[in-house]
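This report concerns only the one structure given below.
2 protein chains.
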Amino acid sequence: MKTVYERADIVPLLAEIFRELGYEGASLSRITERTGIGKGSLYHFFPGGKEEMAGAVIAEVDAWFEHAVYRPLRHDDAGEAIAAMWTNVNDYFRSGGRICLVGAFALDETRERFSAAIGGYFIRWIGALRSALVRAGYPEEEALALAEESVAGIQGALVLSRALNDKAVFTRALETLAKRLDAAAR
Amino acid sequence: MKTVYERADIVPLLAEIFRELGYEGASLSRITERTGIGKGSLYHFFPGGKEEMAGAVIAEVDAWFEHAVYRPLRHDDAGEAIAAMWTNVNDYFRSGGRICLVGAFALDETRERFSAAIGGYFIRWIGALRSALVRAGYPEEEALALAEESVAGIQGALVLSRALNDKAVFTRALETLAKRLDAAAR
DNA sequence: CAATGACTGTACTGATCGGTAAAGTAAAGT
DNA sequence: ACTTTACTTTACCGATCAGTACAGTCATTG
Numbered sequence: 007m008k009t010v011y012e013r014a015d016i017v018p019l020l021a022e023i024f025r026e027l028g029y030e031g032a033s034l035s036r037i038t039e040r041t042g043i044g045k046g047s048l049y050h051f052f053p054g055g056k057e058e059m060a061g062a063v064i065a066e067v068d069a070w071f072e073h074a075v076y077r078p079l080r081h082d083d084a085g086e087a088i089a090a091m092w093t094n095v096n097d098y099f100r101s102g103g104r105i106c107l108v109g110a111f112a113l114d115e116t117r118e119r120f121s122a123a124i125g126g127y128f129i130r131w132i133g134a135l136r137s138a139l140v141r142a143g144y145p146e147e148e149a150l151a152l153a154e155e156s157v158a159g160i161q162g163a164l165v166l167s168r169a170l171n172d173k174a175v176f177t178r179a180l181e182t183l184a185k186r187l188d189a190a191a192r
Numbered sequence: 007m008k009t010v011y012e013r014a015d016i017v018p019l020l021a022e023i024f025r026e027l028g029y030e031g032a033s034l035s036r037i038t039e040r041t042g043i044g045k046g047s048l049y050h051f052f053p054g055g056k057e058e059m060a061g062a063v064i065a066e067v068d069a070w071f072e073h074a075v076y077r078p079l080r081h082d083d084a085g086e087a088i089a090a091m092w093t094n095v096n097d098y099f100r101s102g103g104r105i106c107l108v109g110a111f112a113l114d115e116t117r118e119r120f121s122a123a124i125g126g127y128f129i130r131w132i133g134a135l136r137s138a139l140v141r142a143g144y145p146e147e148e149a150l151a152l153a154e155e156s157v158a159g160i161q162g163a164l165v166l167s168r169a170l171n172d173k174a175v176f177t178r179a180l181e182t183l184a185k186r187l188d189a190a191a192r
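If you're matching them up, the sequences are chains G and L in order.
Each residue of the first sequence is one higher than the one before, starting from 7 at the first, in our numbering.
Each residue of the second sequence is one higher than the one before, starting from 7 at the first, in our numbering.
Below is the structure:
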């Protein structure tokens, strides 16, 4: 028997593994064990090895956010896009049950390998949210500060809810952050 | 020539290494390489190996916060203790140049090994801050929400400032969080 | 049906992993 | 001076690491 994969099918599996184990913790044998995909196949799709795999995962995460969050924030109705951001973020991170791969990579030496991609992810998130807040009527400076605070707040909520093993911490934090943007808008 | 160490001298060195490389990334050979301490010595002080080393590091971090932050928050003048927390936290994390080891461990599977210690660290931080806020005049519920938000905000600021490689993000975030506690107190 | 090219499975490499064993060294206790 | 204790150094172990090589297997194409 022989199961045939496509690169696009593999990346989400890799994403889940890197998320749970981190870059160093995700060894090739654990990857093959949990995906059922042999080393031969992995190196066929990712000749650059583990680093290329992690790079592909970051790129896919980035693409998802770009499509589902950043672009709406930049171009759609500001209020709707911001509201959609909160629900999309809550769903994406499974109410705190899933962590942010990019944020996790930023914390250890893995950052050195992917600093451009990691930086870009957050820069664009903050920039897109800032843009929406400006369109919603905030002054430039306040919009930037609030955007930065919101993105940091999400990352912190992920750390805290995982540390306390309590999803409620995450959803509660998102609600507080969302209300702050609404409240300040009036 | 023979250099003799004490356990208490080694733990801070280990702390810096685990912080930078993460639990999985901190291999024994990299530890001996960076500290100059041989495996024999390490296993003499930490018979439980890497896991005991990381446990000792967490315990020391925890003890520092307990002494420098949590205890003042619980027993000293509320306003002063909160103000001291912000400056101590800013110094401890070197204005964002240093990450929170406990927070980093919470994000990957390392959490499984140390879940009790990790959970306790944050529970006590939030509890102590909550206590100070109550003494400062906040109603119980609001105090808890603000404490949780502050601790999460610090963790998020560390992630973000490291991702953007920009210490200003961290200090700015701390100022915003500090002002929120002050503002709500009036 | 033959040949091609995309993909998989297996077997392997040298390096490094966490951990162990024991000889060696220095200082303190007697 | 001799022993004990504390610590370091060196050498080693089996397991696992990332990565490579290549024969085998299939669907597609001519």
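Where is the CB? At the ideal position from N, CA and C, for every residue including glycine.
Short CB-CB distance (under 8 Å) between residue i and chain L
i                      : result
residue 66 of chain G  : no
residue 82 of chain G  : no
residue 22 of chain G  : no
residue 121 of chain G : yes
residue 27 of chain G  : yes
residue 136 of chain G : no
residue 37 of chain G  : no
residue 168 of chain G : yes
residue 40 of chain G  : no
residue 48 of chain G  : no
residue 133 of chain G : no
residue 151 of chain G : yes
residue 175 of chain G : yes
residue 110 of chain G : yes
residue 19 of chain G  : no
Residue closest to residue i, alpha-carbon to alpha-carbon, out of the options
i                      : options                    : result
residue 103 of chain L : L/141, L/40, L/170         : L/170
residue 166 of chain G : L/173, L/158, L/164, L/168 : L/158
residue 108 of chain L : L/85, L/126, L/18          : L/126
residue 40 of chain G  : G/94, G/48, G/14, G/19     : G/19
residue 54 of chain L  : L/124, L/85, L/34          : L/34
residue 114 of chain G : L/27, L/9, L/23, L/21      : L/27
residue 185 of chain L : L/172, L/168, L/164, L/155 : L/155
residue 188 of chain L : L/176, L/144, L/172        : L/144
residue 22 of chain L  : L/99, L/135, L/139, L/178  : L/99
For residue j and residue i, the rounded distance between their alpha carbons
i                      : j                      : result
residue 106 of chain L : residue 120 of chain L : 15 Å
residue 92 of chain G  : residue 97 of chain L  : 33 Å
residue 112 of chain L : residue 133 of chain L : 19 Å
residue 149 of chain L : residue 49 of chain G  : 53 Å
residue 183 of chain L : residue 12 of chain L  : 39 Å
residue 31 of chain G  : residue 30 of chain L  : 6 Å
residue 192 of chain G : residue 164 of chain G : For residue 192 of chain G, the predicted model reports a pLDDT of 47, less than 50, meaning its position is unreliable; a value from the coordinates is still stated below. Cα to Cα, the separation comes out at about 28 Å.
residue 64 of chain L  : residue 174 of chain L : 27 Å
residue 80 of chain G  : residue 179 of chain L : 24 Å
residue 124 of chain G : residue 75 of chain G  : 16 Å
Residue i at chain G interface by Cβ criterion, 8 Å
i                      : result
residue 60 of chain L  : no
residue 105 of chain L : yes
residue 94 of chain L  : no
residue 139 of chain L : no
residue 63 of chain L  : no
residue 187 of chain L : no
residue 162 of chain L : yes
residue 100 of chain L : no
residue 192 of chain L : A caution first: residue 192 of chain L carries a pLDDT of 47, below 50, which makes its placement in the model too unreliable to give a value.
Helix, strand or coil at residue i [DSSP, three-state]
i                      : result
residue 39 of chain L  : helix
residue 78 of chain L  : helix
residue 94 of chain L  : helix
residue 49 of chain G  : helix
residue 121 of chain L : helix
residue 180 of chain L : helix
residue 21 of chain G  : helix
residue 103 of chain G : coil
residue 9 of chain L   : coil
residue 83 of chain G  : coil
residue 188 of chain G : helix
residue 69 of chain L  : helix
residue 172 of chain L : coil
residue 61 of chain L  : helix
residue 32 of chain G  : coil
residue 15 of chain L  : helix
residue 115 of chain L : coil
residue 26 of chain L  : helix
residue 126 of chain G : helix
Contacts that residue i makes with chain L (C-beta to C-beta distance below 8 Å)
i                      : result
residue 155 of chain G : 159, 179, 182
Under 7 Å by beta carbon: chain L residues contacting residue i
i                      : result
residue 193 of chain G : Any question about residue 193 of chain G goes unanswered here, given that chain G covers just 7 to 192.
residue 30 of chain G  : 28, 30, 31
Listed by chain order, chain G residues near residue i by CB distance under 8 Å
i                      : result
residue 34 of chain L  : Simply none; closest approach about 14 Å.
residue 75 of chain L  : Residues of chain G passing the Cβ test: none, with the nearest at roughly 16 Å.
residue 124 of chain L : 169
Under 9 Å by beta carbon: chain L residues contacting residue i
i                     : result
residue 43 of chain G : Within 9 Å Cβ-Cβ: nothing; residue 43 of chain G doesn't reach chain L, min ~20 Å.
Chain G contact residues for residue i, given Cβ-Cβ distances below 7 Å
i                      : result
residue 117 of chain L : 168
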